[in-house]
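Student: Have a look at this one.
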Amino acid sequence: MKVRDSGMPDEEMWATFFDADRIMTQLGFDAPTSDVVEFGCGYGTFTVAAATRTRGTVFAFDIEPIMIEATDRKARAGGLSNVRCLLRDFVRDGTGLPDDSVGYAMAFNILHAENPVGLLHEAHRILRPGGKVGIIHWNYDPATPRGPDLSIRPRPEQCRVWAREAGFDLALPLISLPPYHYGLVGTKPEPSNATKSK
Numbered sequence: 200m201k202v203r204d205s206g207m208p209d210e211e212m213w214a215t216f217f218d219a220d221r222i223m224t225q226l227g228f229d230a231p232t233s234d235v236v237e238f239g240c241g242y243g244t245f246t247v248a249a250a251t252r253t254r255g256t257v258f259a260f261d262i263e264p265i266m267i268e269a270t271d272r273k274a275r276a277g278g279l280s281n282v283r284c285l286l287r288d289f290v291r292d293g294t295g296l297p298d299d300s301v302g303y304a305m306a307f308n309i310l311h312a313e314n315p316v317g318l319l320h321e322a323h324r325i326l327r328p329g330g331k332v333g334i335i336h337w338n339y340d341p342a343t344p345r346g347p348d349l350s351i352r353p354r355p356e357q358c359r360v361w362a363r364e365a366g367f368d369l370a371l372p373l374i375s376l377p378p379y380h381y382g383l384v385g386t387k388p389e390p391s392n393a394t395k396s397k
């Protein structure tokens, strides 16, 4: 199931919207050995940034073959052997990854999907306790050069509600990512002592 209003501009334009390495730092990506998942890798902008910062595997999911090819090409050009590009309808079918198996999930510019909480539930399922989900979206502003229609574009407060509904604690409830984006970070809670003893 393709996410609604998810068309991409050309790659050269897309690259001007982000300083991916800086954004990864702001979103608390400090997991040098963790596996990582990206829900909708697009051109691989953040896949590559994550792969250069971890020795773990970065699982890059997309429903579009052209995006998978672009990301794979970019990873190979960068000499990165820890990227796995996976053509999959993760909205409909999930990631297929085991429970509690990754350290960081990237849900970037995708929570305008029809079921944002479902995507965040999948992120929660595959994250280890203590793992993080990073969320980015376009500012709620008609002047942004791209982004989904304002009728489906989430505001930060909506993303916070959805993250809590999916079971995350909010580690960083709002991060400004100028010029066009905001972000937040949720953490999967560690099991309580009572849960551990069961």
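If you're matching positions, the sequence shown starts at 200 in our numbering and goes up one per residue. The C-beta atom is built at its ideal place from N, Cα and C for all residues, glycine as well.
1. Who pairs with E237 in a beta bridge, going by DSSP?
2. Please report the distance separating the alpha-carbon of R327 from that of A230.
3. So, using beta-carbon positions, are Y303 and F228 closer together than 7 Å?
4. So, do the stretch 290-303 and the stretch 246-262 have three or more beta carbon pairs nearer to each other than 8 Å?
5. Judging by CA-CA distance, which residue of L285, P208 and F367 is the nearest neighbour of C240?
6. Please identify the residue among T343, P355, W337 and A365 whose C-alpha is closest to the C-alpha of L319.
7. On the CB-based measure, 16 or more other CB atoms within 10 Å of its CB, does M305 come out buried or exposed?
8. Can you pull the DSSP bridge partners for G333?
9. Just mark A250 as buried or exposed, buried being the case when its beta carbon has 16 or more other beta carbons within 10 Å.
Tutor: Quick answer:
1. Against the sequence shown, residue 237 aligns to sequence position 38. Bridge partners of E237: A259 and M305.
2. For this step, residue 327 is matched to residue 128 along the sequence shown. For this step, residue 230 is matched to residue 31 along the sequence shown. Whole-angstrom Cα-Cα distance: 12 Å.
3. Your numbering for residue 303 matches position 104 in the sequence shown. Your numbering for residue 228 matches position 29 in the sequence shown. The answer is yes: Cβ separation under 7 Å.
4. yes
5. The residue given as residue 240 occupies position 41 in the sequence shown. Ranking L285, P208 and F367 by Cα distance to C240 puts L285 first.
6. Here the question's residue 319 lines up with position 120 in the sequence shown. Nearest of T343, P355, W337 and A365 to L319, Cα basis: A365.
7. In the sequence shown, the residue the question calls residue 305 occupies position 106. Under this definition M305 is a buried residue.
8. As a first step, residue 333 must be located in the sequence shown, where it is residue number 134. Answer is M305 and V384, bridged to G333.
9. Position 51 of the sequence shown, counted from the start, is the residue given in the question as residue 250. With 16 or more other Cβ atoms within 10 Å, it is buried.
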